[in-house]
Amino acid sequence: MLDGKSYDCMEGPLQNCRNAAHELNNEYNRPERTAKEREVILQTLLGSCSSNEECIIEPPFTIDYGINLHVGKNFFANFNCTILDCASVTIGDNVFLAPNVQIYTATHPLDAIERRSTEFAQPISIGNDVWIGGGAIILSGVSIGNRVVVAAGAVVTKDVEDDVVVAGVPAKVVKKLKE
Numbered sequence: 000m001l002d003g004k005s006y007d008c009m010e011g012p013l014q015n016c017r018n019a020a021h022e023l024n025n026e027y028n029r030p031e032r033t034a035k036e037r038e039v040i041l042q043t044l045l046g047s048c049s050s051n052e053e054c055i056i057e058p059p060f061t062i063d064y065g066i067n068l069h070v071g072k073n074f075f076a077n078f079n080c081t082i083l084d085c086a087s088v089t090i091g092d093n094v095f096l097a098p099n100v101q102i103y104t105a106t107h108p109l110d111a112i113e114r115r116s117t118e119f120a121q122p123i124s125i126g127n128d129v130w131i132g133g134g135a136i137i138l139s140g141v142s143i144g145n146r147v148v149v150a151a152g153a154v155v156t157k158d159v160e161d162d163v164v165v166a167g168v169p170a171k172v173v174k175k176l177k178e
């Protein structure tokens, strides 16, 4: 799964790992949870993240495995963030996700027969000082550079260089932030 090769996501060990993550995820999303309780859950659920003061994820939040998500300092994810971390998702420092951002490392074969029982995943990397606008989608295998703004509703299908604004479907550079 982590090496980019195809796998059966319904295979026992993967399903068990995903189910355990979903249980923790459900606990995180319970409205009565305190900030301290959520911090403890994130420390258990995620591969790595800083303290609750520097890693804020507004519920509801949905994640696939959790252990493949690595978050830097001063991270904020607004409501309804979904991260399918079947491969590594690495997020730098000072990154802000608006509501309904979706990050998908998982993808499926184009062949219909093969797609019935297999999927594969490619890592996603998001640099430092990145703002991802509401409803944006980041697809598998993408690297987003530093100091990038991803406009609301954009679908990022290819790597993004440093210091740009990308927008559209598929996302394209619409502005350079530094000359």
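Residue 137 in numbering that gives the first Met the number 0 sits at position 138 of the sequence shown, and the numbers go up by one each step. Note that beta-carbon positions come from the ideal geometry of N, C-alpha and C, so glycine has one too.
key: Run of the alpha helix (DSSP H) containing Leu41, from where it starts to where it stops   = For Leu41, the enclosing alpha helix (DSSP H) stretches over residues Ala34 to Leu44.
ask   = Around the C-beta of Gly167, are 16 or more other C-beta atoms found within 10 angstroms, so that it is buried, or is it exposed?
value = Gly167 is exposed by the Cβ-count criterion.
ask   = Does DSSP classify Glu31 as helix, strand or coil?
value = Looking at Glu31 - three-state DSSP - the assignment turns out to be coil, as it is neither helix nor strand.
ask   = So what does DSSP say about Ile136, is it helix, strand or coil?
value = Strand, per DSSP.
Uninterrupted alpha helix (DSSP H) stretches inside the region 60–138 (no shorter than 4 residues) = Counting only runs of 4 or more, we get 111–114.
key: Beta-ladder partner(s) of Lys175, from DSSP   = The bridge partners DSSP lists for Lys175 are Val163.
query = Excluding the five sequence neighbours on either side, which residues of its own chain have a C-beta within less than 6 Å of the C-beta of Ala19, listed in chain order?
reply = Around Ala19: no qualifying Cβ.
Three-state secondary structure assigned by DSSP to Cys54 = Reduced to three states, the DSSP call for Cys54 is strand.
inquiry  = Less than 9 Å between the beta carbons of Pro122 and Thr81, yes or no?
reply    = Note that the C-beta distance between Pro122 and Thr81 is not below 9 Å.
message = Would Gly91 and Ile66 qualify as a contact pair, given that the criterion is a beta-carbon distance under 9 Å?
response = Taking 9 Å as the Cβ cut-off, Gly91 and Ile66 do not qualify as a contacting pair.
ask   = Who are the Cβ neighbours of Val148 in its own chain at under 6 Å, not counting the five residues just before and after it?
value = Apart from sequence neighbours up to five positions away, the residues of its chain that approach Val148 with a beta-carbon distance below 6 Å are Trp130 and Val164, ordered along the chain.
request  = Just the C-alpha distance for Thr156 and Asp128, rounded to the nearest angstrom, thanks.
outcome  = If you draw a straight line from the Cα of Thr156 to the Cα of Asp128, it comes to about 20 Å.
Residue burial classification, Thr104 (beta-carbon count within 10 angstroms, cutoff 16) = So Thr104 counts as buried.
Nearest-angstrom Cα separation, counted from Leu176 out to Ile215 = The requested residue 215 does not occur in the structure, where the chain is confined to residues 0 to 178.
message = Measuring straight from C-alpha to C-alpha, what distance separates Glu53 and Lys35?
response = Near 13 Å, if we compare the C-alpha coordinates of Lys35 and Glu53.
inquiry  = Cutting at 8 Å between CB atoms, please list the residues of its own chain near Asp162, excluding the five before and the five after it.
reply    = Only Gly144, Asn145, Arg146, Val147, Lys175, Leu176 and Lys177 meet the Cβ criterion.
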